[in-house]
Structures are given as C-alpha cells and as structure tokens.
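Colleague: Numbered by full-length UniProt numbering, the letters in the sequence shown go through residues 1 to 419 in order.
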Amino acid sequence: SSDSGTILRVKGPLEFKCLLETTDALQMHKVISRTFETLHSQVKSESCVLTVCDSPVFIWPNRSFHATPQDITPDTPCEDLQQWIQTDEFENTGRRSAKKRSKKTSTAVCTCLTLRELFKHLNCSVSAAESVVCSRLMEALGRQLGEMEKVMLQHVKGTTLLVPEPLHFLLPEPKGLVTVVYPAGVADSQLETERKELHQQFELPNDWPYFRRANAYHFPNEPYKDGYLRNPHLALTNPSLDNGKVYLVQGIYSYHHYMQDHMDDNGWGCAYRSLQTICSWFKQQGYAEGPVPTHREIQQALLDVGDKQASFVGSRQWIGSIEVQVVLNQLLGVTSKIMFVSQGSDLGSKGRELANHFLTEGTPIMIGGGVLAHTILGVAWTEDLQVITDKGWCGWKGADFWDQTAYYNLCLPQRPKVI
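So, in structure tokens, the structure goes:
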C-alpha cells in the first residue's frame, strides 16, 4: 500500500511444504488448501515477528507491540532478545519483569542467529512502527496468500504444481500500488484473459500493458541488474517558461551512450545508441521481450530487410532516422511516424506536435540529421518557444541547437494498442 508517497513493504520467505500422496485433483486441492491455512495461521500468530529493515526495531504485528532498545545491535544474539519480549509487565527500564515467560512467547524469536543473520531471512520496510501500518501490511499479506492459493489451485496439472509469482504494479493515481499473482513460468502471451479482467477491475484503458511482468514496480532501494541508468532526465530542473508546459516521455527507459558494453562507437554510434534507448523503452513498458539489440544486431536487421549490403554488418557506418524506423518495425513490430524538418531553425515551430506526441504516445524520439543524432525525451512548449542553452549530455535544447541549414528526419515510435 502507499500513503502520502511512502511505500510500505513486507518482504520475507514463507515456506510452502505439503505431501501429495495422490494425483486425484480433489485430494490435491484439499492438501494445498490445508497448507495455505497453516501459512495464514503463521501470519496471524502472536509469535509472528517483523524487523524494520536496517534497524534494531522488532515488531510483533499481531500483539500491537514493538521493541527499540538501544542495547540491540546487528550482532546481538537473538537468544538475548527474549529479555525484551513483553509477557507480563514491563519495568521502567523497558526490560521484562522477572515473571516466568510462557513457552508460546519464547517462540517469537530464533535463538541460534544474530540479528545480522536474521535480517537476511526476514525483512519489513515501513515508515513507522504504528499499529495501523502493521495492520494494513498484515491484511495485504493475507490477501496475497489468498491470491497465491487461488493461482496454485487453478494450475494443478497432474503431478505438476506451478509456483505462484506475486508482482507489484504501480497504477495511475488514485489507484496506487497493487499486488497481482501470476503462475510462474506462464508467458505473458498466455495471460491476456487475466490481464483483461484486471483492466476491467481497475477501470484502466486497454492500450497500455499495465500488468505485464516488465511493468512490475521497481523498488527504489533495489538496483537494476543490467547496470544501466534509468530516466536521467528526471534529475534535470525543468525550464521555466511563461504560460508554458513541460511534456515528457512516459514510463521508464535505460540510458545508452557512446562506449558502453565494451563497444568503441565514439563518433559514429550516436543513432545506434538512440535506437537502443528507444528499444529499452518498449522493453521496460512490456511491449517487447528480449535484450536491447546490439550494434551488430541492428545492422543485421537492416541487412535482413534488404536495406543494406552484407558489408554493412560489422562496419562503422552511420544510420539515420529512416533506418531506426526500419529496425523498430523489423525487431519489435513497432511502426513510427516520420516528421520532416527542412532546417534546424524550423524545429521550434514543431513544439505543438512534439508535445502532442509525448502526451499521447509517450515514447522517446530519435532525431537524426546534420552530423549527429540525438534522443528527444521531452519538450517545454509555449506559443513563443524560449531558447534553451543547456548543452549537457541529457539537457534541454533550444531551436538554435540544431544545424540551421541541414534537413532533419524525426522517428516517432508509436505505442502498440495492446493489453
């Protein structure tokens, strides 16, 4: 769930273990359901313990109790933590009284691990150890367990059980963050019916793949595995224009530039990198699968459609917006519009069209012409477009940035109308 921009997350393992002694579907369903009942009871138990990530705070969510003693460090043995568990009355120091501790309470912590080791097994990230927060988190966890049970029961096939895969998706306001459970190993192409139902449930349009796996929410404290930067334009300060408005690329893309991937393309690879950035957008939004194409794969695609000769593959020859359009169609099945600008000084007059593109399509734009290619990620537009002079690698460019005498072609990828 989310509240005032703060995302609350429970993270940790719950072991699912059951013995299936028959392939009878009805009996298998009963055993699976009983196992999930056990998991539900563990989550609801007073012995269920959460830790606030990267802190010594322990929370017993089903007992409305938390402990924050200063004596606790990451290397404190869990066995020593039992003295902080409230069983009867607390002394003024915060330690438990000398009264006998019940066996039920003593199971609340593990006695063989240090806190540092325990953090590896069970984590909870919350903004405050308030009872309402924990209540909402535990309710959400209970709902997720119910959805996981439903998915597993729906996909029992003979002796095969499909593992339920919970994913989180950030929907447009005011819907916020929601959790959806898919059967692991089942391709997105086979889950269209489920996604249609979700679109209807949350009253979402059918021209954006909100619930494809690639669109799963990426938590800020988790780095991207590929190592690429995401959305560097968000670090910029938007230009201030009188009666103006900023229109930006929608969604997430990875930032591709010269000399990445152990590839020396300095001076000739600008359009390839722009194309890679665009391809990453379609991948990140769930429209395309597979890795972002390499320079050689881009060249091979142009050869395959008959646009280039065999000697082109492996060369250092430039490509332009027309080639970008061809490759997007060949590799991703994406169509593009071409905007023609006779000279760089005319680009300022295209503000309305560019703004409309980012508003309706939201894809990055490749612009090629003159001697370089660039990627347009947004436009600040007014009837009287002001000149933007920042010339950083990712910055706002004014009309005088473009070659005043050269012609330009702009490739505007169009977003597929699919769920």
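Cβ coordinates follow ideal geometry from the N, Cα and C atoms, glycine included.
What is the DSSP secondary structure of VAL52, reduced to helix, strand or coil?
Modeller: It is a strand residue.
Colleague: For a minimum of 3 consecutive residues, which ranges assigned as the beta strand (DSSP E) are wholly contained in the segment 178-255?
Modeller: The segment 178-255 contains these whole beta strand (DSSP E) runs: 245-248.
Colleague: Could you say which of LYS283, ASN356, LEU354 and LEU303 lies nearest to GLY333 if we only look at CA atoms?
Modeller: GLY333 has its Cα closest to that of LYS283, out of LYS283, ASN356, LEU354 and LEU303.
Colleague: Helix or strand or just coil, what does DSSP make of CYS270?
Modeller: Correct three-state label for CYS270: helix.
Colleague: For GLN300, which residues from the same chain have a beta carbon less than 8 angstroms from its beta carbon, with the 5 sequence-adjacent residues on both sides left out?
Modeller: Same-chain partners within the cutoff: VAL313.
Colleague: Mind the definition here: the segment 176-195 touches the segment 212-227 only if three or more C-beta pairs lie below 8 angstroms; say whether that holds.
Modeller: Segments in contact, yes.
Colleague: Candidates PRO416, ALA310, GLY251 and GLU15: which alpha carbon is nearest SER280's?
Modeller: Answer by Cα proximity: GLY251.
Colleague: Quick check for students: name the residue ranges of the beta strand (DSSP E) that lie wholly in the UniProt domain "UFSP1/2/DUB catalytic" (245-384), counting only runs of 3 or more.
Modeller: List check, beta strand (DSSP E) in window: 245-248, 336-341, 365-369, 372-376 and 378-381.
Colleague: Could you pull out every residue in the same chain whose Cβ sits closer than 6 angstroms to the Cβ of HIS218, ignoring the five residues on either side in sequence?
Modeller: For HIS218, where only same-chain residues beyond five positions count, there are no Cβ hits under 6 angstroms.
Colleague: Verify whether the separation of the beta carbon atoms of GLY378 and VAL246 is less than 8 angstroms.
Modeller: For GLY378 and VAL246, yes; Cβs fall inside 8 angstroms.
Colleague: In angstroms, rounded to a whole number, what distance separates the CA positions of PHE16 and LYS337?
Modeller: Spanning the two alpha carbons is a distance of roughly 51 angstroms.
Colleague: Could you give the DSSP three-state label for VAL10: helix, strand or coil?
Modeller: Of the three classes helix, strand and coil, the one that applies to VAL10 here is strand, per DSSP.
Colleague: Just to confirm, is the Cβ distance from ASN409 to SER321 under 8 angstroms?
Modeller: Their beta carbons are under 8 angstroms apart, which means ASN409 touches SER321 by this criterion.
Colleague: Just to confirm my understanding: we take ASN62, look at its own chain, exclude 5 residues before and 5 after, and list those with CB closer than 8 angstroms. What are they?
Modeller: Around ASN62: LYS44, SER45, GLU46, CYS48 and MET138.
Colleague: With three or more beta-carbon pairs closer than 8 angstroms as the criterion, would you say the segment 235-246 touches the segment 262-274?
Modeller: No: the two stretches stay apart, fewer than three of their Cβ pairs being nearer than 8 angstroms.
Colleague: Looking at the unbroken beta strand (DSSP E) that takes in HIS168, where does it start and where does it end?
Modeller: From DSSP, the beta strand (DSSP E) with HIS168 extends over 164-171.
Colleague: With DSSP run on the structure shown, which of helix, strand or coil describes PHE16?
Modeller: PHE16: coil per DSSP, three-state reduction.
Colleague: If I measure Cβ to Cβ from VAL326 and keep anything under 8 angstroms in the same chain, skipping five residues before and after, which residues do I get?
Modeller: Cβ neighbours of VAL326 beyond the five flanking positions: ALA301, LEU302, VAL305 and ASP307.
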